[in-house]
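First the structure, in the form of structure tokens, and then the observations on it.
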Amino acid sequence: MDDKRHFVIDFDSTFTQVEALDVLGEITLENNPNKEEKLQDLKELTDLAMGGKLAFRESLERRLEILDAHKNSIPELIERLKTKVSVSFVRNEAFFSEYQDRIYIISNGFREFIVPIVKEYGVKEENVYANSFQFDEEGNIRGFDKENVLSSSNGKVELLKKLDLKGDVYVIGDGYNDYEIKAAGLANKFYAFTENIERGNILDKADHITPSLDEFLYLHKMNKAISYPKNRIKVLLLENVHADAVAIMKNEGYNVSTISGALDEEELSEKIKDVSVLGIRSKTQLTAKVLKNANRLIAVGAFCIGTNQIDLEECLKKGVAVFNAPYSNTRSVVELAIGEIILLMRNLPDRIAEMHNGQWNKSATGSFEVRGKKLGIVGYGNIGAQLSVVAEAIGFDVYYYDLVEKLALGNATKCNSLKELFEKVDIVTLHVDGRKENKNMIGDKQFKWLKEGSIFLNLARGQVVDVEALKKHLESGRIRGAGIDVFPKEPKTNQEEFESPLRGLPNLILTPHIGGSTQEAQENIGNFVPGKIINYINTGSTTNSVNFPNLQLPILENAHRLIHIHHNKPGIIAHINRILAAHDINIVGQYLKTNETIGYVITDINKEYDNEVIKELKGIEGTIRFRVLY
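Residues 1 to 630, numbered by full-length UniProt numbering, are exactly what the sequence shown covers, in order.
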């Protein structure tokens with residue numbers, strides 16, 4: 001143990017995920033009619049002080065005035081804060097126990113709620129430095145001890161001068177006043193803690209950005225609750241994936257960064273160089289060129305159904321497992337399809353536009369019920385099959401066509417060819433995948449098979465329809481209404497203009513690829529995909545991977561797990577076992593699955609190994625990737 005190290009840790013938004021006074025505001029302002037406005041004022045005052053833009057004492061006085069709190073609220077505040085301790089602090093409780101003599105909680109918050117929280121983690125009460133409330137005779141919080149240096153700006157610096165800690169001092173915090181300790185020459189390094197909040201002007205001043213306590217402990221070679229440095233796993237999430245996904249991966253200890261839009265090939269080729277896990281939706285193209293730079297990539301999450309935007313074969317060759325969410329937004333797409341069909345059958349897109357232009361056109365001409373109409377579904381997978389059931393329930397006669405033999409649900413009728421389906425139905429809706437063979441599968445020839453006055457929907461993939469041919473048949477009237485959600489060329493961000501020859505056509509619903517964009521679907525996807533990736537990283541299980549051989553593995557207990565990904569060639573598993581036998585290592589479990597490209601071998605061993613074993617296993621001819629779980 002290094003007796004010269006001291007650790008100065010902030011409380012609000014560092015030890016806990018939240019600002020304690022904001023939580024106190026939630027309690028004391030519960031029945032206040034101006035609650036939301038006052039809570040926003042609290043947050044703004046906190047951010048100004050933490051960013052060094054407002055004198056701390058002024059911020060504190062104004063916040064307490066807004067709170068109008070009573071001492072009776074403090075016990076409830078403590079209970080709430082106990083559930084809001086930062087996740088990486090909770091899983092590293094051993095650190096606080098082992099280094100309790102040299103851990104100092106130094107906060108501009110208040111002892112009344114800080115001490116009960118940190119004591120449960122082994123922090124000594126005498127090592128907690130914070131402000132104290134002042135109460136009136138009725139127990140109302142009326143102020144704070146103004147003699148306490150922590151009640152004023154630069155208070156942490158003044159306190160550290162008094163403490164006069166001998167040896168190396170490391171500061172972990174999220175605010176400007178934490179940085180000031182280092183700036184005053186009282187600490188060796190300032191670590192900007194970003195697990196809960198990122199303050200841009202603080203990050204610029206940090207010696208090191210610390211996305212979790214795991215990162216700090218890893219850098220200082222100290223005890224960790226985790227068996228390998230999860231904080232070294234850098235996750236890049238693009239295209240506004242759901243906040244749940246970000247939270248889940250941060251809580252797991254990963255170093256997570258997000259970008260709201262898609263990246264083009266050149267941008268992603270640069271960004272991916274040090275990324276371990278990539279999360280994308282439909283706009284980002286993960287090409288072979290990009291993957292050449294992805295030397296640290298372990299897994300890819302497609303936060304959507306389709307994976308045609310990902311070069312699955314190249315990922316496989318590099319030993320990168322890909323996971324998607326095949327069921328999570330099914331219902332959302334189905335509901336959009338049903339809604340658009342009803343709108344189009346009633347000519348509502350045109351009626352709505354006319355009303356906005358002041359035109360009153362009350363007429364039943366060209367307006368029909370959907371009951372008894374023939375709905376043709378192209379692609380009878382998860383979405384097509386569920387659409388079949390819902391459509392039949394509201395009165396459609398359902399027909400479907402799929403290249404693969406699929407069992408009809410309910411009273412749906414299978415068609416033997418695309419031509420048969422197109423000629424028979426009143427409405428066609430596409431629900432096929434984006435494989436190369438499906439490019440322009442619907443063009444002029446196919447549209448000519450349709451009945452005059454048909455309805456057409458594409459909520460599947462933009463490239464499966466020849467847009468110019470669709471435009472031609474919309475203008476001729478063969479297709480009297482269409483709903484299009486996907487396009488061959490789509491903007492990468494919401495700031496780019498949408499360009500298409502379909503703009504301005506009558507009785508046409510154009511939507512910006514939002515078939516699966518509901519709160520429920522995105523939440524489902526945001527929870528499903530990270531779970532699969534984390535399970536793969538933690539256990540090696542590849543269940544639901546779209547490119548890897550699927551293996552469901554037991555939880556690792558009292559063993560080491562060796563994961564070997566290799567080109568599918570004979571003799572590799574025998575080679576692995578010979579190496580282990582030569583080093584007198586006993587195998588307690590072994591699992592193997594292959595596909596045409598790779599072999600995936602999991603070996604559990606119950607004995608410590610040396611680096612020579614790892615070197616030999618990595619050196620087996622045909623090895624693509626090797627890693628160890630503890």
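Built from N, CA and C at the ideal position, the CB exists for glycine as well. Keep in mind it's a predicted model, so treat the numbers as computed, not measured.
Check whether residue i and residue j have beta carbons under 8 Å apart
{"i": "Asn383", "j": "Thr330", "result": "The sequence shown places Ile at residue 383, not Asn. Yes. Within cutoff."}
{"i": "Leu629", "j": "Ile572", "result": "no"}
{"i": "Val428", "j": "Arg461", "result": "no"}
{"i": "Ile479", "j": "Ser454", "result": "yes"}
{"i": "Tyr399", "j": "Val370", "result": "no"}
{"i": "Arg296", "j": "Val320", "result": "no"}
{"i": "Phe113", "j": "Ala20", "result": "yes"}
{"i": "Asn568", "j": "Gly599", "result": "yes"}
{"i": "Leu387", "j": "Val464", "result": "no"}
{"i": "Glu195", "j": "Ser73", "result": "no"}
{"i": "His566", "j": "Ile624", "result": "yes"}
{"i": "Met50", "j": "Asp174", "result": "yes"}
{"i": "Lys515", "j": "Leu336", "result": "For the record, residue 515 in the displayed sequence is Gly; it is not Lys. Their beta carbons are under 8 Å apart, which means Gly515 touches Leu336 by this criterion."}
{"i": "Ala299", "j": "Ile280", "result": "no"}
{"i": "Gly483", "j": "Ile509", "result": "yes"}
{"i": "Val169", "j": "Val8", "result": "yes"}
Three-way DSSP call (helix, strand, coil) for residue i in this model
{"i": "Asp204", "result": "coil"}
{"i": "Ser476", "result": "helix"}
{"i": "residue 644", "result": "Outside the displayed span of the chain (1 to 630) sits residue 644, for which this structure offers no information."}
{"i": "Lys593", "result": "strand"}
{"i": "Gln17", "result": "coil"}
{"i": "residue 637", "result": "The question about residue 637 has no answer, for the chain in this structure spans 1 to 630."}
{"i": "Tyr228", "result": "Below a pLDDT of 50, predicted positions are generally treated as unreliable, and Tyr228, at 49, falls in that range; no measurement from the model is reported."}
{"i": "Arg625", "result": "strand"}
{"i": "Asn92", "result": "coil"}
{"i": "Tyr399", "result": "strand"}
{"i": "Tyr121", "result": "coil"}
{"i": "Phe144", "result": "strand"}
{"i": "Asp12", "result": "helix"}
{"i": "Lys156", "result": "helix"}
{"i": "Tyr220", "result": "Checking the displayed sequence, the identity of residue 220 turns out to be His instead of Tyr. Correct three-state label for His220: coil."}
{"i": "Glu612", "result": "helix"}
{"i": "Phe303", "result": "coil"}
{"i": "Lys317", "result": "helix"}
{"i": "Tyr99", "result": "coil"}
{"i": "Ala247", "result": "helix"}
{"i": "Tyr191", "result": "strand"}
{"i": "Thr413", "result": "strand"}
{"i": "Ile598", "result": "strand"}
{"i": "residue 643", "result": "Because residue 643 is not part of the residues shown, which for the chain are 1 to 630, the question remains open."}
Exposure of residue i, with buried meaning 16 or more beta-carbon neighbours within 10 Å
{"i": "Leu403", "result": "exposed"}
{"i": "Gln530", "result": "Checking the sequence, you will find Pro at residue 530 rather than Gln. So Pro530 ends up on the buried side."}
{"i": "Asp12", "result": "buried"}
{"i": "Ala582", "result": "exposed"}
{"i": "Pro349", "result": "buried"}
{"i": "Ser227", "result": "With a pLDDT of only 45 at Ser227, under the threshold of 50, the placement of this residue in the model should not be trusted; the figure read from the coordinates follows. Answer is exposed; the Cβ neighbour count stays below 16."}
{"i": "Thr46", "result": "buried"}
{"i": "Gln495", "result": "exposed"}
{"i": "Thr210", "result": "buried"}
{"i": "Gly379", "result": "buried"}
{"i": "Ile555", "result": "exposed"}
{"i": "Glu475", "result": "exposed"}
{"i": "Gln446", "result": "buried"}
{"i": "Met355", "result": "exposed"}
{"i": "Asn434", "result": "Per the sequence shown, residue 434 should be read as Gly rather than Asn. Per the 10 Å Cβ criterion, buried."}
{"i": "Val90", "result": "exposed"}
{"i": "Lys156", "result": "buried"}
Any chain C beta carbon closer than 8 Å to residue i
{"i": "Leu21", "result": "Going by chain labels, chain C is absent from the structure shown, which holds only one protein chain."}
Mind the definition here: the segment 197–206 touches the segment 170–186 only if three or more C-beta pairs lie below 8 Å; say whether that holds.
-> In this structure the segment 197–206 lies against the segment 170–186, because at least three pairs of beta carbons, one per stretch, are closer than 8 Å.
Three CB pairs or more closer than 8 Å across the segment 518–537 and the segment 313–332 = In the pairwise beta carbon analysis, the segment 518–537 is classified as touching the segment 313–332: at least three pairs are separated by under 8 Å.
Is it a yes or a no for the segment 105–122 touching the segment 70–84, going by three-plus beta-carbon pairs under 8 Å?
-> Counting Cβ pairs under 8 Å, three or more are found: they touch.
Taking one C-beta from the segment 546–554 and one from the segment 247–267 each time, how about it: are there three or more such pairs within less than 8 Å?
-> The segment 546–554 and the segment 247–267 do not touch, with fewer than 3 CB-CB distances between them shorter than 8 Å.
Would you call the segment 464–476 and the segment 235–246 touching, i.e. three or more CB-CB distances under 8 Å?
-> Taking a cut-off of 8 Å on C-beta distances, the segment 464–476 does not touch the segment 235–246, as fewer than three cross pairs fall below it.
Three CB pairs or more closer than 8 Å across the segment 276–286 and the segment 304–318 | Touching, yes.
Does the segment 33–45 come within contact of the segment 186–205, defined as at least 3 CB pairs closer than 8 Å?
-> The segment 186–205 and the segment 33–45 do not touch, with fewer than three beta-carbon pairs separated by less than 8 Å.
Below 8 Å, can you find three or more Cβ-Cβ pairs linking the segment 56–67 to the segment 20–31?
-> Result yes; three or more Cβ-Cβ pairs closer than 8 Å.
Could you say if the segment 129–148 and the segment 100–111 meet the contact criterion of at least three C-beta pairs nearer than 8 Å?
-> Segments in contact, yes.
Only counting runs of 3 or more residues, tell me where the beta strand (DSSP E) segments fall wholly within the segment 507–575, in order along the chain.
-> Counting whole runs of 3 or more residues, the segment 507–575 contains the beta strand (DSSP E) stretches 508–510 and 560–567.
Pick out the complete alpha helix (DSSP H) segments inside the segment 332–401, 4 residues or longer, and give them in chain order.
-> Whole alpha helix (DSSP H) segments, 4+ residues: 348–356 and 382–393.
Whole alpha helix (DSSP H) elements within the segment 436–495, 4-residue minimum = Scanning the segment 436–495 from its first residue to its last, the whole alpha helix (DSSP H) runs of 4-plus residues come out as 444–447 and 467–476.
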